[in-house]
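Worksheet: one structure, shown below.
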Amino acid sequence: MERVPQWSHEETVELLKIRAELDKSFMETKRNKALWETVSTRMRIVGFPRTAEQCKSKWKNLLTRFKGSEGMEVETSRQYFPFHEEMQRIFSERMVMRSILMDDGKGKEVVRVEENEYSSDDEDQYCEEGEKKSKKKKRRRRRKGDGDEVVEVLKEIVRRQGEMEERWMKEVEEREEERRMWEEEWRRTMEDMVLERMEMERRWRERDEERKARDDARADRRHSLLTAILTKLSEKNH
């Protein structure tokens, strides 16, 4: 059996992006083979050659990891499941859409489709025989507390989004503080370099002036000596 290549981080992000865009279509249909083929095609277009079955299998794996991270603290869930925020956004939008469909009388069908998404039923497999034999799906009645459950889920989503925004703002402030400190350090370094250069130029001028003064003094002494010698010679001649 051929080994399926491991999914890279970039591939998984692209899969979640495409799956999010098609989530409404997935919610409205039980037979989603064609949708997974669409996902596979779009993955190949962006350079990730994955089959529809591989995409579906990866999605179910992500669902399992996501459910396992529920109830964890934000930082813990990020360490356990790096794609928690992407999945959270998908289900945030799904809860809103589900509420709308409930009001339109389509909620029961949506619930059935969502339940099928979490199941390992063979109805949605990619062999024709399996599709024909998978008509005997179990139907679950929507519980009376569905409305309350949606409200609680939305509250949890809002809470988590608030935590993520707070963490994001904290990270922005920390980066801004680091940038400010770096700029301040850079400014002090530049000032020190300018002062050091000015000091070097001052010392160079002082040494140059001292050298010129010594040269002038030597020239004066030579001139005086020559004048004295010439004077004595002149006196002897007379």
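Residue numbers (full-length UniProt numbering): 1 to 238. All C-beta atoms, glycine included, are put in the ideal place defined by N, C-alpha and C.
C-beta contact flag for residue i and residue j at 7 Å
| i | j | result |
| --- | --- | --- |
| Ile157 | Ser99 | no |
| Phe48 | Glu75 | no |
| Ser69 | Ala52 | no |
| residue 239 | Ala20 | Because the chain in this structure spans residues 1 to 238, residue 239 falls outside the shown range and cannot be described. |
| Met87 | Phe66 | yes |
| Arg50 | Ile18 | no |
Range covered by the alpha helix (DSSP H) that runs through residue i
| i | result |
| --- | --- |
| Lys58 | Ala52 to Ser69 |
| Arg19 | His9 to Glu21 |
| Thr41 | Lys33 to Ile45 |
Reference residue i; option with closest CA among the options
| i | options | result |
| --- | --- | --- |
| Val13 | Glu85, Lys67 and Trp36 | Glu85 |
| Leu15 | Trp36, Arg31 and Ser224 | Trp36 |
| Gln6 | Lys24, Thr29, Gln54 and Ser25 | Gln54 |
| Arg78 | Met164, Lys236 and Lys212 | Met164 |
| Leu22 | His9, Thr38, Ser8 and Lys30 | Thr38 |
| residue 255 | Lys212, Arg222, Glu185 and Phe83 | Because the chain is modelled from 1 through 238, residue 255 falls outside the range shown and cannot be assessed. |
| Glu152 | Gly71, Thr29, Lys24 and Thr64 | Gly71 |
C-alpha distance - residue i paired with residue j, whole-angstrom precision
| i | j | result |
| --- | --- | --- |
| Trp59 | Trp182 | 43 Å |
| Glu209 | Asp220 | 16 Å |
| Glu206 | Ile229 | 35 Å |
| Glu149 | Met95 | 10 Å |
| Glu162 | Val194 | Correcting the residue identity first, residue 162 is Gly in this sequence and not Glu. Going from the Cα of Gly162 to the Cα of Val194 covers about 48 Å. |
| Glu235 | Asp216 | 29 Å |
| Arg197 | Glu176 | 31 Å |
| Arg203 | Asn237 | 51 Å |
| Trp168 | Glu73 | 15 Å |
| Arg188 | Lys170 | 27 Å |
| Asn32 | Arg159 | 32 Å |
| Glu199 | Asp192 | 10 Å |
| His223 | Arg211 | 18 Å |
| Ala213 | Leu233 | 30 Å |
| Leu225 | Thr231 | 10 Å |
| Val172 | Arg3 | 42 Å |
| Trp186 | Tyr80 | 39 Å |
| Lys155 | Glu174 | 28 Å |
| Thr227 | Glu201 | 39 Å |
| Glu178 | Thr29 | 50 Å |
Exposed unless 16 or more other CB atoms sit within 10 angstroms - verdict on residue i
| i | result |
| --- | --- |
| Leu62 | buried |
| Ile45 | exposed |
| Met190 | exposed |
| Lys56 | buried |
| Met27 | buried |
| Arg218 | exposed |
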